[in-house]
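J.: Numbering (my numbering), first residue to last: 1 to 807.
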């Protein structure tokens with residue numbers, strides 16, 4: 001069960017335009033409150049009733065549901081809560097709005113009331129209410145210089161049930177109408193759609209269970225079986241493999257198994273050595289290219305391989321790839337949302353552009369109950385402003401919501417739809433039954449802008465049919481929430497928006513905030529901890545007591561709060577140090593992070609923490625995540641200023657172990673230590689440092705140059721021979737981040753002086769390679785330095801005595 005509901009205050013600015021809102025038709029519109037910014041904010045221009053125009057460059061307008069109209073509204077910090085007007089930007093011919101609304105009209109309110117908290121949500125709820133009652137949508141419109149009342153006539157679809165889309169006639173009708181419209185679109189000779197939407201559209205028709213659509217789906221499966229991509233393959237292959245796998249299992253048609261095997265094996269063999277995928281498949285060395293791991297394509301790709309295995313592919317490469325990826329993703333359960341890449345768990349919101357939803361579905365298919373349950377609850381708690389945003393758009397945030405929420409049962413889907421889905425879905429549904437991608441407010445770099453979303457919305461409405469695995473053909477293994485528990489989880493997601501992140505929690509009492517610290521939700525714990533810190537009080541004794549709670553989440557929350565009080569939490573050092581021995585991995589990490597935030601008063605815990613780093617990976621921690629986070633704590637914070645009093649033998653063991661961590665960013669923290677040690681102190685570490693230069697980290701590659709360059713700088717400073725050829729090797733001019741590497745490597749090479757003559761032929765070749773490089777223009781500044789170094793070496797100079805590591 002989630003934390004008690006937040007007691008939110010909904011203060012909204014009053015309407016200043018003429019009040020002609022009288023007895024309009026839909027009295028039920030605002031039964032549910034609008035969860036907007038609680039601070040009263042004066043409306044910002046434009047005021048369309050005064051003749052203002054839509055600001056230049058503000059191109060993000062919104063479909064206004066089945067009206068057939070689109071409209072622009074003001075947004076600030078990714079929310080539309082300050083807007084009080086909708087300027088009509090388009091009206092479809094033949095739609096309900098045709099002849100009633102016109103471009104330039106300004107909608108001021110619905111259902112007899114002016115917009116008071118967010119025109120977007122109020123419009124969406126008005127659509128839902130109109131389709132449930134008489135079909136009449138009453139609007140107050142500024143038209144031809146005066147306010148008028150108009151009524152649009154919409155199709156009567158009925159109400160959403162309390163368990164929608166389950167046992168919901170409206171959801172069933174939307175699915176049927178949408179599939180009819182989608183099938184007509186797919187059957188058209190001019191049908192052209194992006195790879196991912198095309199796959200999802202075909203999956204939606206398959207999920208309808210209607211045999212009349214099978215010829216169309218078969219045609220799409222044939223297309224999928226011949227699909228081939230080189231660029232961005234990881235994004236596309238996941239959804240193409242899903243379509244082929246689901247089609248094969250639903251129909252028994254084995255025609256496209258060769259294509260399915262080819263694509264699935266390409267995906268499995270393109271996985272990195274740690275089990276991740278990026279924009280593209282991994283290189284020959286098993287490392288990702290570009291800036292590394294991305295979970296947005298990686299999790300669906302893993303799910304697709306699980307489905308391919310279910311469809312009959314028993315290749316060992318596929319099973320190995322599934323397990324490697326699952327090993328990565330299991331770590332995030334209970335700690336936050338699945339993040340962008342190989343990063344810390346995301347604790348700002350319950351969802352990070354759909355990746356929790358993806359993980360919920362994946363772990364349900366893998367039969368891992370606790371993980372699927374956790375990620376399903378995270379999805380249920382994400383709505384409103386949380387669900388409305390997302391990195392480069394919110395396409396995945398909306399697409400993966402219902403498949404994940406439905407795993408917790410029909411009470412969960414009903415609560416989520418009532419909170420967010422009903423109005424949001426209805427606002428995105430066109431009058432012909434298809435759906436559009438709305439995107440987040442204000443976003444100008446939405447990479448999925450213009451994508452067809454009909455397929456993924458219809459998949460949500462198809463959940464009750466359970467015809468394919470993505471819509472529940474394999475029963476959920478997670479506990480089915482009752483109505484009270486489902487609503488409690490929904491409440492956990494309230495009280496946050498990009499515009500107002502704090503006021504809802506700041507309004508809570510101290511006892512209520514401490515309740516939040518013990519929440520199942522890492523996001524609620526984080527928000528509660530930050531609110532406690534903002535009170536300017538220091539309840540350290542209470543937090544120390546909380547470290548002994550029998551509830552592990554309460555201990556996490558206490559650590560999170562203690563970290564925010566920094567050195568004021570010094571009295572907690574003994575209890576936090578004791579927590580380093582706890583059997584729970586995440587509590588040990590949270591305690592270590594709190595200790596590092598405390599700083600100098602926590603230094604007595606350092607020997608124990610160094611010993612923990614030296615242990616490295618284990619059966620329960622196969623990726624050495626404890627070592628990774630403690631490296632951040634120790635080398636990134638506690639030893640940043642000084643090594644005074646630190647046992648050198650313990651330190652060397654920790655450094656040697658930490659340099660083997662999979663994560664490049666973790667390794668990078670260690671480099672600062674090099675300059676704080678004498679050469680004699682460094683000598684036992686030189687083999688480990690050299691190996692860290694030679695062998696880049698298998699993950700976190702965006703940061704892996706940092707430790708390699710620090711090592712090169714160290715070896716060049718002490719004129720150690722073994723690293724001399726690495727000064728050119730590490731440049732890796734065909735890989736991402738080359739500019740900084742070239743600069744640092746040339747500097748190290750220069751430090752070797754005339755001893756670098758052994759590398760002269762390679763330097764000359766490097767000069768030629770850079771001139772012929774595809775990015776030669778941006779690499780031009782390096783050519784002068786290379787030429788100068790070549791000439792300096794060719795001129796000759798005094799011999800430089802080089803050290804060897806074993807001397």
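Beta carbons are placed, not taken as given, at the ideal position from N, Cα and C, and that holds for glycine.
For clarity, every value in this text was computed on a predicted model and none was experimentally measured.
Within 10 angstroms of the Cβ of residue 491, are there 16 or more other Cβ atoms? Answer buried if so, exposed if not.
T.: Residue 491 comes out buried.
J.: Secondary structure at residue 274, three-state DSSP: helix, strand or coil?
T.: Reduced to three states, the DSSP call for residue 274 is coil.
J.: Is the CB-CB distance between residue 157 and residue 136 below 9 Å?
T.: No, the pair does not count as a contact, with Cβ atoms beyond the cut-off.
J.: Could you have a look at residue 575 and say whether DSSP puts it in helix, strand or coil?
T.: Note: residue 575 maps to helix in three-state DSSP.
J.: Mark residue 499 as exposed unless 16 or more other C-beta atoms lie within 10 angstroms of its C-beta, in which case mark it buried.
T.: It is buried - the Cβ of residue 499 has at least 16 other Cβ atoms within 10 Å.
J.: Could you check whether residue 301 and residue 241 sit closer than 9 Å to each other, using their CB atoms as the reference points?
T.: Cβ distance < 9 Å, so residue 241 and residue 301 count as in contact.
J.: According to DSSP, what are the bridge partners of residue 90?
T.: Note: residue 90 sits in a beta bridge opposite 70.
J.: Which whole-angstrom value is the C-beta distance of residue 629 and residue 680, which I expect to be below 8 Å?
T.: 31 Å between Cβ atoms; not a contact.
J.: Using three-state DSSP, classify residue 430 as helix, strand or coil.
T.: Residue 430 falls in the coil class under three-state DSSP.
J.: Are the Cβ atoms of residue 295 and residue 329 separated by less than 9 Å?
T.: Cβ distance < 9 Å, so residue 295 and residue 329 count as in contact.
J.: Can residue 677 and residue 693 be called in contact, C-beta distance under 9 Å?
T.: Result no, Cβ atoms of residue 677 and residue 693 do not sit closer than 9 Å.
J.: Could you check the C-alpha separation between residue 733 and residue 530 for me, to the nearest Å?
T.: Looking at the two C-alpha atoms, the distance is approximately 44 Å.
J.: Would you tell me roughly how many angstroms separate the C-alpha atoms of residue 755 and residue 682, rounded to the nearest one?
T.: Near 22 Å, if we compare the C-alpha coordinates of residue 682 and residue 755.
J.: Could you compute how far the alpha carbon of residue 402 sits from the alpha carbon of residue 558?
T.: Approximately 33 Å, taken between the alpha carbons.
J.: Whose CA, out of 253, 346, 327 and 325, lies closest to the CA of residue 335?
T.: Ranking 253, 346, 327 and 325 by Cα distance to residue 335 puts 346 first.
J.: Determine the contact status of residue 405 and residue 357, defining contact as a CB-CB distance below 9 Å.
T.: In this structure, residue 357 lies closer than 9 Å to residue 405 by Cβ.
J.: Can you have a look at residue 643 and say buried or exposed, based on whether 16 or more other CB atoms are within 10 angstroms of its CB?
T.: Looking at its Cβ environment, which holds fewer than 16 other Cβ atoms inside 10 Å, residue 643 is exposed.
J.: Run through DSSP, which three-state label would residue 787 get?
T.: Residue 787: helix per DSSP, three-state reduction.
J.: Exposed or buried, which one is residue 67 when buried takes at least 16 other CB atoms within 10 Å?
T.: Buried.
J.: What is the DSSP secondary structure of residue 310, reduced to helix, strand or coil?
T.: It is helical.
J.: Which parts of the stretch 608 to 656 are runs of the alpha helix (DSSP H), unbroken and 4 residues or longer, counting only runs that do not cross its ends?
T.: Correct list: 625 to 633.
J.: How many Å lie between residue 554 and residue 374 at the Cα?
T.: Looking at the two C-alpha atoms, the distance is approximately 17 Å.
J.: Looking at C-alpha atoms only, which residue of 118, 106, 237 and 318 is the closest neighbour of residue 144?
T.: The shortest Cα separation from residue 144 among 118, 106, 237 and 318 belongs to 106.
J.: Excluding the five sequence neighbours on either side, which residues of its own chain have a C-beta within less than 6 Å of the C-beta of residue 236, listed in chain order?
T.: Cβ within range, chain order: 195 and 229.
J.: Taking DSSP as the reference, what is the three-state secondary structure of residue 474?
T.: The answer is coil: DSSP assigns residue 474 none of H, G, I, E or B.
J.: Provide the residue(s) that pair with residue 79 in DSSP beta bridges, ordered along the chain.
T.: Per DSSP, 76.
J.: For the beta strand (DSSP E) holding residue 569, just list the boundary residues, first then last.
T.: Counting along the chain, residue 569 falls outside any beta strand (DSSP E), and DSSP gives it neither H nor E.
J.: Which residue comes first and which comes last in the beta strand (DSSP E) that contains residue 177?
T.: From DSSP, residue 177 is part of no beta strand (DSSP E) but of the alpha helix (DSSP H) over 169 to 187.
J.: Thinking C-beta only, is residue 410 closer than 9 Å to residue 166?
T.: Closer than 9 Å, so yes.
J.: Tell me whether the beta-carbon of residue 172 lies closer than 9 Å to the beta-carbon of residue 233.
T.: Not in contact: residue 172 and residue 233 (Cβ atoms no closer than 9 Å).
J.: Indicate whether the contact test is met: 3 or more Cβ pairs, each with one atom in the stretch 110 to 125 and one in the stretch 92 to 100, closer than 8 Å.
T.: They do not touch, by the three-pair rule.
J.: Among the candidates 534, 317 and 488, whose CA atom is the shortest distance from the CA of residue 509?
T.: Closest by alpha carbon: 534.
J.: DSSP on residue 144, reduced to helix/strand/coil?
T.: Note: residue 144 maps to coil in three-state DSSP.
J.: Within a Cβ cutoff of 6 Å, which residues of the same chain sit near residue 624, ignoring the five residues on either side of it in sequence?
T.: Answer for residue 624: 616, 617 and 661, listed in chain order.
J.: Thinking C-alpha only, which one of 548, 577, 599 and 589 is nearest residue 568?
T.: Of 548, 577, 599 and 589, the residue nearest in Cα terms is 599.
J.: Return the first residue and the last residue of the beta strand (DSSP E) that residue 108 is part of.
T.: 106 to 110 is the extent of the beta strand (DSSP E) around residue 108.
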